[in-house]
Structure formats: C-alpha cells, structure tokens
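Chemist: Under our numbering, the residues of the sequence shown are numbered 1 to 336, in order.
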Amino acid sequence: MSDLNAAIHELRNALGDYLEGGRQEGVFHAQTGGPGSVPALSGLDLPELHLDLLPERPSEEQRSTLLTLGYVPEGESYLHPAGWRLVLLDHSSGWRAEQQALRALLLADSDAASRYRQVFLAEGRQAADEALKAEATAHHARTVGFAPAQFVAQALTELEAPWMFAGGLALDLHLNRITRPHDDLDVAVAREAQPQLLELFSDWKLDAPQGGMYQPWTAPLEPPLHQIHARHPALPDVLMLDLLLTDLSGGLWHYRRDPRVTLPLAEARLWSSAGWPYLAPQAALLFKAAADRKVRGKDARDFERVRPTLDGQALKWLRGALELLDPEHPWLERLH
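(1) Within 8 Å of any Cβ in chain B, is that where the Cβ of A283 sits?
(2) Is it a yes or a no for the region 187–202 touching the region 159–166, going by three-plus beta-carbon pairs under 8 Å?
(3) Please report the straight-line C-alpha distance between A259 and L86, rounded to a whole angstrom.
(4) Please say whether F151 and L67 have beta carbons closer to each other than 8 Å?
(5) How many angstroms separate the CA atom of N13 from the CA atom of A141?
(6) With distance defined between alpha-carbon atoms, name the residue in E10, G22, L4, D3 nearest to G211.
(7) Output the distance between the C-alpha atoms of T246 and G26, rounded to the nearest integer angstrom.
(8) Could you pull out every unbroken beta strand (DSSP E) segment of at least 3 residues lying fully inside the region 174–211, listed in chain order?
(9) Looking at the strands, I want to know which residues DSSP matches up with T262.
(10) Give the secondary structure of R296 by DSSP, where H, G and I count as helix, E and B as strand, and everything else as coil.
(11) If we ignore side chains and look at the alpha-carbon of each, how far apart do G275 and P264 end up?
(12) E158 to F201, Cα distance in whole Å?
(13) Can you tell me where the alpha helix (DSSP H) with D311 in it begins and where it stops?
(14) Looking at the structure shown, is F165 part of a helix, part of a strand, or coil, going by DSSP?
(15) Determine the closest residue to T327 out of S64, T309, A290, with distance taken between C-alpha atoms.
(16) When burial is assigned at 16 or more other CB atoms within 10 Å of the CB, is L121 buried or exposed?
(17) Between the C-alpha atoms of L106 and L89, what's the straight-line distance to the nearest angstrom?
(18) How big is the Cα-Cα spacing for L41 and E333?
(19) When DSSP labels each residue in this structure, what does S249 get in the three-state scheme?
(20) Rounding to the nearest angstrom, what Cα-Cα distance links L310 and L248 in this structure?
(21) Is D45 near G33, with beta carbons less than 8 Å apart?
(22) Less than 8 Å between the C-beta atoms of Q282 and W331, yes or no?
(23) Just list the alpha helix (DSSP H) runs in the region 1–63, keeping only unbroken ones of 4 residues or longer that don't cross its boundaries, in chain order.
(24) Exposed or buried, which one is Q100 when buried takes at least 16 other CB atoms within 10 Å?
(25) For the beta strand (DSSP E) containing V87, list its first residue and its last residue.
(26) Looking at L171: is its Cβ nearer than 8 Å to the Cβ of A149?
(27) Would you check if the region 238–245 and the region 174–186 touch, i.e. whether three or more CB-CB distances between them fall below 8 Å?
(28) Answer yes or no: do L285 and F303 have a C-beta to C-beta separation smaller than 8 Å?
(29) Are L4 and W95 closer than 8 Å when you measure CB to CB?
(30) Just to confirm before moving on: does the CB-CB distance between Y78 and L173 stay below 8 Å?
(31) Between which two residues does the alpha helix (DSSP H) harbouring P148 extend?
(32) Do you know offhand how far A219's Cα is from L15's?
(33) Looking at L102: is its Cβ nearer than 8 Å to the Cβ of A136?
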C-alpha cells in the first residue's frame with residue numbers, strides 16, 4: 001500500500017494538483033481501491049488507483065505524462081509494471097463512492113470477501129461487484145449513515161439565513177434512509193448568507209470554481225457564480241461539501257437554471273426526522289432531470305426510487321416544470 005500512496009504523490013506532482021487552485025487541469029482526487037487492495041482478496045486482481053482527473057477526457061499531454069510514468073494503456077484504464085491498475089473516473093457516475101462502500105464491506109467482513117471471491121472467479125469482476133452491491137450499500141448505511149450530514153448540520157447551526165440539504169442526500173432524507181453512498185454533500189443556502197458563511201467555515205478549505213479553475217473563496221460571489229467547495233479533514237466519508245448559493249428571496253425558492261420556475265419556500269424547505277432542513281424531492285428531482293444534459297444513471301435510479309413517494313401536488317409541480325423546460329423529457333410520461 002505504501003507503493004500506491006507513493007504513486008498517488010507522483011501523479012499529483014506530474015499531472016498537477018487541481019486543488020491548489022489557479023489551474024484548469026490536474027488531479028482532483030485519487031485513492032486506492034478495487035478488490036485487489038483488500039488483503040483477504042490479494043492475488044484475485046490487481047490493486048487499483050482511482051484517479052479523478054480534470055479534464056475528464058485526458059489531454060494528449062496528460063496521456064503522454066502517464067506513459068512517461070510507466071503506465072501502459074489497457075482499454076479504458078492503465079497498467080503499471082509495478083503491479084497496479086490506474087482507473088480514470090467518470091466524474092458523475094457515482095462509481096467511486098460505490099467502490100469505496102464495497103471495499104469497506106470487503107475489509108470488514110471476511111464472509112463477504114469469500115463470497116465476492118467465488119463470484120469473481122466464476123463470473124468476473126462486474127458480476128462480483130453487482131452481487132455484493134446491495135450488501136455494501138447496507139453496510140455503508142449502518143457504518144456511515146447520515147454522519148456526514150450531521151457534521152455539516154452542526155457547522156451550520158448558527159447560520160441565520162435559510163439553508164437546506166439538496167441533491168441525492170435530500171432524497172435520502174425524504175426517504176429517511178441511505179439509499180446509496182454519496183461523493184459529496186450539496187447544501188442550498190441563501191446567497192445573502194455569504195458573509196456569515198465565511199465566518200462559520202473559517203477553519204475549512206474554501207474554493208470557488210470560476211472559469212474552469214479553483215480560486216480561494218474569500219469574498220462574496222456574484223451571479224452567475226454559485227458554488228463554493230468546502231473541505232474539512234474531519235468531514236467523514238465524502239470528498240467535500242458543495243455550498244450552492246440560491247435565490248430564496250420573496251418567500252420563494254427560485255430554480256437556479258430558469259427563474260420562471262419557483263416554489264414557495266414553505267413547500268420547498270422540508271424537515272427530516274433529525275430536524276435538518278432539506279430541499280423538497282420534486283425540486284431536487286428537477287435538478288436531476290438535467291434538462292440541459294443527458295440524465296445520469298444514478299439520477300434515473302433516484303427518480304425511480306422517489307417518484308412513488310410524491311403526492312399529487314408534488315407530481316403536478318414537477319410535471320409542470322418539466323413541460324415548461326423540456327416538453328420531450330422521458331420522465332413526463334411517468335408523472336401522470
């Protein structure tokens with residue numbers, strides 16, 4: 001494992017560290033993974049490095065750098081002669097988080113590792129991953145659960161402006177259970193809260209994506225800028241907190257991608273059993289409907305889980321918003 005840690009350090013040095021700011025390319029995140037990194041499964045497969053690289057499609061210069069470091073292309077991944085595989089991640093698939101949840105299960109449960117080995121040898125890696133997926137999710141729900149949300153909620157306790165969990169976590173809070181591991185946590189927060197946020201998050205690493213690169217967040221952002229990436233070493237089991245500056249003026253939640261779409265704040269901001277505010281599921285699903293891009297697999301699965309729980313009013317609102325924004329959206333026929 002020390003060789004893999006050294007390899008991560010080498011990759012950051014050679015490809016550049018995007019998190020240092022002021023650059024449009026480089027390593028966004030890297031970590032060990034794969035069944036070959038689990039001691040009980042040593043020899044079953046190569047250990048892996050899971051590399052989140054920007055841009056998502058490596059440039060020719062980046063590919064050349066990987067070759068210089070000894071990485072040999074193998075399909076969509078790379079092999080290193082020292083004995084590991086480099087996997088370039090799809091930023092939006094959720095695969096990284098799923099793999100880490102699976103690895104946590106295999107490290108903790110020797111019986112699960114044994115069953116994984118049996119399926120792997122009989123049917124291959126993909127089948128083994130799928131066979132243990134539900135069990136890995138259940139283990140993640142037991143061991144991690146809503147701990148990241150609790151950490152963030154504690155950090156926001158003294159915030160005087162409205163805020164609410166958004167994204168996939170909002171849907172989990174609506175369902176009152178963890179349905180999948182999450183790469184990060186989304187929080188929608190009133191744009192005018194920025195001065196107090198700077199105070200409350202003074203011991204976090206704060207970056208604002210601007211022009212395809214990170215700039216340290218030290219002053220209020222003006223529209224259309226709306227994201228603040230916040231990292232803290234004690235934030236458990238997610239890469240970061242994504243603070244999403246949102247127009248909550250006039251007692252309304254305003255859809256950031258189209259100001260014609262609104263929802264009364266009292267309907268948009270719901271409360272979990274733990275007392276945490278979260279974005280109503282119909283509004284969270286509108287973001288996932290991705291009117292400006294193809295619906296991601298994890299978002300389609302979120303929709304299938306949550307749609308049966310929506311009441312008539314929520315279904316009507318989501319249907320109306322999609323008819324306005326994308327009349328040909330495939331979800332519309334499921335909202336009647």
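From the three backbone atoms N, C-alpha and C, an ideal C-beta is built for every residue, glycine too.
Modeler: Considering the structure as presented:
(1) No chain B is present in this structure, which holds just one protein chain.
(2) These segments touch.
(3) Counting from one through the sequence shown, the residue named residue 259 turns up at place 259. Counting from one through the sequence shown, the residue named residue 86 turns up at place 86. Here residue 259 is Pro; the residue named in the question, Ala, does not match the sequence. Just so you know, the alpha carbons of P259 and L86 end up roughly 42 Å apart.
(4) One-based indexing of the sequence shown puts residue 67 at position 67. One-based indexing of the sequence shown puts residue 151 at position 151. In this structure, F151 does not lie closer than 8 Å to L67 by Cβ.
(5) Translated into the one-based positions of the sequence shown, residue 13 becomes position 13. Translated into the one-based positions of the sequence shown, residue 141 becomes position 141. When only Cα atoms are considered, N13 and A141 end up about 35 Å apart.
(6) If you number the sequence shown from 1, residue 211 lands on position 211. Measuring from the Cα of G211, the nearest candidate turns out to be G22.
(7) On the sequence shown, residue 246 is found 246 positions in, with the first residue counted as 1. On the sequence shown, residue 26 is found 26 positions in, with the first residue counted as 1. Distance between T246 and G26, taken at the CA atoms: about 29 Å.
(8) Listed in chain order, they are 184–190, 205–210.
(9) In the sequence shown, counting from the first residue as 1, residue 262 sits at position 262. H254.
(10) The count along the sequence shown starts at 1 and reaches residue 296 at position 296. DSSP places R296 in coil when its eight states are reduced to three.
(11) To locate residue 275, count along the sequence shown from 1; it is residue 275. To locate residue 264, count along the sequence shown from 1; it is residue 264. C-alpha separation (whole angstroms): 20 Å.
(12) Residue 158 sits at position 158 when you count from the first residue of the sequence shown. Residue 201 sits at position 201 when you count from the first residue of the sequence shown. If you draw a straight line from the Cα of E158 to the Cα of F201, it comes to about 11 Å.
(13) Locating residue 311 in the sequence shown gives position 311, counting from the first residue. Neither: D311 is in no alpha helix (DSSP H) and is coded neither H nor E.
(14) Translated into positions along the sequence shown, residue 165 becomes position 165. Of the three classes helix, strand and coil, the one that applies to F165 here is strand, per DSSP.
(15) To locate residue 327, count along the sequence shown from 1; it is residue 327. First, the amino acid is wrong: residue 327 is Pro here, not Thr. Sorting S64, T309, A290 by C-alpha distance to the C-alpha of P327 places A290 at the top.
(16) Position 121 of the sequence shown holds residue 121. By the 10 Å Cβ count, L121 comes out exposed.
(17) Along the sequence shown, one-based indexing puts residue 106 at 106. Along the sequence shown, one-based indexing puts residue 89 at 89. Going by the C-alpha atoms only, they are around 21 Å apart.
(18) Here the question's residue 41 lines up with position 41 in the sequence shown. Here the question's residue 333 lines up with position 333 in the sequence shown. Going from the Cα of L41 to the Cα of E333 covers about 45 Å.
(19) For the purposes of this step, residue 249 is taken as residue 249 along the sequence shown, with counting starting at 1. Three-state DSSP puts S249 in a helix.
(20) Numbered from its first residue, the sequence shown carries residue 310 at position 310. Numbered from its first residue, the sequence shown carries residue 248 at position 248. Taking the straight line from one Cα to the other gives about 23 Å.
(21) Position 45 of the sequence shown, counting from 1, holds the residue named residue 45. Position 33 of the sequence shown, counting from 1, holds the residue named residue 33. No, the Cβ-Cβ distance between D45 and G33 is not below 8 Å.
(22) Against the sequence shown, residue 282 aligns to sequence position 282. Against the sequence shown, residue 331 aligns to sequence position 331. No.
(23) Every alpha helix (DSSP H) stretch that sits fully inside the region 1–63 and reaches 4 residues is listed by chain position as 2–15.
(24) Residue numbering aside, residue 100 sits at position 100 when the sequence shown is read from its first letter. Buried, by the Cβ-count rule.
(25) Here residue 87 refers to the residue found at position 87 when the sequence shown is read from its first residue. 84–88 is the span of the beta strand (DSSP E), which, as asked, contains V87.
(26) Within the sequence shown, the letter at position 171 stands for residue 171. Within the sequence shown, the letter at position 149 stands for residue 149. Cβ distance not < 8 Å, so L171 and A149 don't count as in contact.
(27) At 8 Å Cβ cutoff, the stretches touch.
(28) Here residue 285 refers to the residue found at position 285 of the sequence shown. Here residue 303 refers to the residue found at position 303 of the sequence shown. Yes, Cβ-Cβ distance for L285 and F303 is below 8 Å.
(29) Here residue 4 refers to the residue found at position 4 when the sequence shown is read from its first residue. Here residue 95 refers to the residue found at position 95 when the sequence shown is read from its first residue. For L4 and W95, no; Cβs fall outside 8 Å.
(30) Within the sequence shown, numbered from 1, the residue matching residue 78 stands at position 78. Within the sequence shown, numbered from 1, the residue matching residue 173 stands at position 173. No.
(31) Within the sequence shown, residue 148 is the residue found at index 148, counting from 1. 147–155 is the span of the alpha helix (DSSP H), which, as asked, contains P148.
(32) Taking the first residue of the sequence shown as 1, we reach residue 219 at position 219. Taking the first residue of the sequence shown as 1, we reach residue 15 at position 15. In a straight line, the C-alpha of A219 is about 29 Å away from that of L15.
(33) Taking the first residue of the sequence shown as 1, we reach residue 102 at position 102. Taking the first residue of the sequence shown as 1, we reach residue 136 at position 136. Yes, these two residues count as a Cβ contact at 8 Å.
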